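Beneath this line is the structure, given in structure tokens, with notes to follow.
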Amino acid sequence: MTIQEIEEKYRITADYHTHSVYSRVGPYIHGKGTILENVKAAHEKGLSELAITDHGPADFYGLDPKLIPQMRADIEKAMKAYPDVKVYLGVEADIVDSENALDIVSSDFELFDFVNAGYHYVPSAHMMENFRSFHLPVSAKEKERLRKQNTLRILKALKNNKIKILTHPGDKAYIDEKLVAMACAETGTLVEINARHKHPNAEDLKIYAAQDVKFVISSDAHKPENVGRYARSLALAFKAGIDADRIVNIEER
Ligand SMILES: [Zn+2]
Ligand SMILES: [Zn+2]
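Whatever position you read off the sequence shown (first residue = 1), add 5 for the working numbering.
Written out as structure tokens, the structure reads:
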């Protein structure tokens, strides 16, 4: 199917992974759209649900938990302006070396409607190693050591927390896709097909598809015009042999 045929036949109903200006550090604004601008974009694209999921606090431009009441107020205002869009406040937590393998503790979960999680280059020795292994030549042995460590950490995060979506698995950190897929199946965590990242690619997705998991397509938009992007990700899913009915936020027009 061409991208155009996909767009004609299928639509995306919800986007559970977008960033806003609350992903920032000092004057550097990582997410370009305000919450209102992201919601407006969702409304214009006919989405019925949207989540604002800024980066976890360990990230360089992670959200400041003190601003959560302001984010809630922005969401209330945006839903008044666009009542056809149900807006959630989530977070894209970082998978890190901590007691629950996330950069937020379990009592933080009540601040959000749900929690997504994934690997990012947060300032830590472990992620520096991952950065090197992704961008510089490393030995097969070192790659294997990191793959094991990264996989164990994801399994720990999935089993110790209620995570809605595992974001872009396999990007920024090598993992054992089969073990991660089995853990997603066991915990009911959605596997993300991400419009912005190289992983999961079609080969990775085939490994996830062999387990009893559900998928979600996310734009991971960092600017409003990208909210609700789905067609290329859906094409990738089809290439991996995944049917549209296994993707929770896709329906036929
Ligand atoms: Zn991410
Ligand atoms: Zn993201």
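We put the CB at the ideal spot given by N, CA and C, even for glycine. Bear in mind the structure is a predicted one, so any value in this text is a computation, not a measurement.
What do you reckon, are the CB atoms on residue i and residue j nearer than 9 angstroms?
i: Lys21; j: Ser223; result: Contrary to the premise, residue 21 reads as Tyr rather than Lys in this sequence. In contact: Tyr21 and Ser223 (Cβ atoms closer than 9 angstroms).
i: Gly123; j: Ile100; result: yes
i: Tyr213; j: Val185; result: yes
i: Phe117; j: Gly95; result: yes
i: Asp176; j: His202; result: yes
i: Tyr15; j: Glu257; result: yes
i: Ala63; j: Thr23; result: no
i: His125; j: Gly193; result: no
i: Thr342; j: Ser25; result: The structure shown does not extend to residue 342, since the chain is modelled only from 6 through 258, so no value can be given for it.
i: Arg251; j: Lys211; result: no
i: Leu171; j: Val196; result: yes
i: Ser138; j: Asp102; result: no
i: Ala188; j: Leu163; result: yes
i: Tyr235; j: Ile17; result: yes
i: His131; j: His173; result: no
i: Ala178; j: Asn135; result: yes
i: Lys2; j: Ala215; result: With the chain covering 6 to 258 only, the question about residue 2 has no answer from this structure.
i: Asp89; j: His48; result: yes
Quick test of your reading: residue i and residue j, contact by CB under 8 angstroms. State the CB separation rounded to the nearest angstrom.
i: Ala242; j: Ile198; result: 6 angstroms
i: Glu97; j: Asp69; result: About 15 angstroms separates the two Cβ atoms, so there is no contact after all.
i: Ile11; j: Ala200; result: Their Cβ separation, rounded to whole angstroms, is 13 angstroms, which puts Ile11 and Ala200 out of contact at 8 angstroms.
i: Asn166; j: Val120; result: 7 angstroms
i: Pro229; j: Asn105; result: Contact doesn't hold; Cβ gap of about 33 angstroms is too wide.
i: Gly233; j: Lys50; result: 4 angstroms
i: Tyr33; j: Met76; result: Actually they do not touch by this definition, with Cβ atoms about 19 angstroms apart.
i: Asn206; j: Ile180; result: In fact, because the Cβ distance is near 13 angstroms, the residues do not count as touching under 8 angstroms.
i: Asp79; j: Leu41; result: 7 angstroms
How should residue i be labelled, buried or exposed, when 16 other C-beta atoms within 10 angstroms of its C-beta is the threshold for buried?
i: Ala19; result: buried
i: Lys169; result: buried
i: Met133; result: exposed
i: Val110; result: exposed
i: Val127; result: buried
i: Tyr87; result: buried
i: Asp108; result: buried
i: Gly36; result: buried
i: Glu208; result: exposed
i: Ser144; result: exposed
i: Arg29; result: buried
Which residues does DSSP list as the beta-bridge partners of residue i?
i: Val253; result: Partner(s): none; Val253 has no beta bridge.
i: Phe220; result: Val196, Ile252
i: Leu55; result: Asp20, Val92
i: Glu115; result: Note: Glu115 sits in no beta bridge, so no partner.
i: Val30; result: Tyr33
i: Asp99; result: Gly123
i: Tyr15; result: Glu257
i: Leu107; result: Ile100
i: Ala226; result: Thr23
i: His60; result: Glu97
Can you find a CB in chain B that lies within less than 9 angstroms of the CB of residue i?
i: Asp209; result: Going by chain labels, chain B is absent from the structure shown, which holds only one protein chain.
Fully enclosed by the region 144-171, which alpha helix (DSSP H) runs are 4 residues long or longer?
145-165
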